[in-house]
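Number of protein chains: 2
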Amino acid sequence: MAINKKDEFSKKENELSDFANAISHPARVAILKEIAKREQCICGEIVEVLPLAQSTVSQHLKELLKAGLVTGTVDGVKSCYCINWNTFEKFEKIFNSFFTKTNSNNPKCC
Amino acid sequence: MAINKKDEFSKKENELSDFANAISHPARVAILKEIAKREQCICGEIVEVLPLAQSTVSQHLKELLKAGLVTGTVDGVKSCYCINWNTFEKFEKIFNSFFTKTNSNNPKCC
DNA sequence: ATTATTTATCGTATATTTGCGATATATATT
DNA sequence: AATATATATCGCAAATATACGATAAATAAT
């Protein structure tokens with residue numbers, strides 16, 4: 005883009021969009037699903053399941069880490085990833101506070 | 005990207021990531037917030053509030069429409085937008101079914 | 001009829017994302 | 001020590017997203 009305008013928005017707006025951005029690609033949804041299913045997951049197991057190259061999966065995992073949706077620990081040569089439920093809870097709270105469905109069946113709505 | 009691999013993922017994974025993608029920019033979060041606050045919102049009122057050009061806001065609204073997060077009706081020269089709560093409910097269901105927090109305080113997790 | 005207002009669309013520039021192969025790095029195995 | 005294995009990072013190409021000004025289109029006001 006010409007200029008990045010994200011700073012012009014509030015912190016909460018950015019927190020919410022950052023979280024959403026982390027799950028805005030089906031590969032990252034699939035990765036989270038895989039980790040959640042197994043409770044914890046070795047990187048290689050994710051690579052096996054996904055239709056993507058190892059380096060690409062590694063990049064997606066890095067993004068999920070940066071956004072705080074997963075935690076990662078090194079276990080020898082292997083890397084173990086888990087869901088960071090705290091972040092999910094935080095997101096749920098922010099999400100609800102923003103979009104409280106106060107007037108869902110308002111006749112004025114189009 | 006070299007090749008778009010989104011087709012390789014399931015329909016549900018794509019539905020979830022598409023919804024998340026729609027709210028993955030603070031401008032779109034701010035737009036949704038503004039509409040939710042006023043129950044319904046004329047395009048011009050959103051443009052007034054946001055730090056973006058009219059054409060840019062229009063583009064963001066188009067994306068929100070495409071993703072089904074808002075509905076839009078024409079009222080003379082003006083355009084009226086409302087939150088489509090059905091989509092939000094649908095998202096909530098898919099989101100919960102994917103990430104059921106079955107083992108949140110599992111000691112195995114890292 | 002002409003002009004003003006409102007919003008959508010087009011064209012364009014730039015930034016970011018996605019994806020992969022190649023390579024680096026770090027631990028395990030022989 | 002040499003080799004194998006697992007994962008992260010680098011560099012690049014291509015696709016998308018973001019942003020704006022200019023313009024089109026459609027209705028309202030004069």
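Those protein sequences? They're chains V and Z, same order as listed.
Under the numbering used here, the residues of the first sequence are numbered 5 to 114, in order.
Under the numbering used here, the residues of the second sequence are numbered 5 to 114, in order.
Backbone N, C-alpha and C fix where the C-beta goes; we use that ideal spot for every residue, glycine too.
- Contact of Z/T77 with chain V by beta-carbon distance below 8 Å involves C114.
- The contact set of Z/H29 on chain V, defined by CB atoms closer than 7 Å, consists of S21 in chain order.
- In the DSSP assignment, V/S83 falls within the unbroken beta strand (DSSP E) covering K82 to I87.
- With respect to the 8 Å criterion, V/A34 and V/L54 are classified as neighbours on the basis of their beta carbons.
- In the displayed model, Z/I50 falls within a helix according to three-state DSSP.
- In this structure V/N88 is buried. Its beta-carbon is surrounded by 16 or more other beta-carbon atoms within 10 angstroms.
- The Cβ-Cβ distance between Z/C114 and V/T75 falls below 8 Å.
- Counting along the chain, Z/D79 sits inside the beta strand (DSSP E) bounded by residues V74 to D79.
- For the stretch 85–103 of chain Z, the set of residues with a beta-carbon nearer than 8 Å to any beta-carbon of chain V comprises Y85, C86, I87, W89, F92, F102 and F103, in chain order.
- In terms of Cβ geometry, Z/C47 and Z/K82 form a close pair [threshold 8 Å].
- Z/V78 sits exposed, since fewer than 16 C-beta atoms from the chains shown fall within 10 Å of its C-beta.
- Residue-level contact check: V/N8 does not touch chain Z, since none of the beta carbons of chain Z fall below 8 Å from its beta carbon.
- Counting the other Cβ atoms within 10 Å of the Cβ of Z/S28 gives 16 or more, which makes it buried.
- Identification of residues in the stretch 29–61 of chain V having a C-beta nearer than 8 Å to some C-beta of chain Z yields H29, P30, A31, R32, V33, A34, L36, K37, A40, E43, Q44, P55 and L56, given in sequence order.
- Beta-bridge partners of Z/Q44 (DSSP): Z/C86.
- In this structure, V/A57 is the residue among V/A57, V/C84, V/F13 and V/K97 with its C-alpha nearest to the C-alpha of Z/I7.
- Taking all protein chains shown into account, Z/S21 has 16 or more neighbouring C-beta atoms within 10 Å of its C-beta and is therefore buried.
- For V/A71, the nearest beta carbon of chain Z is not closer than 8 Å to its own beta carbon.
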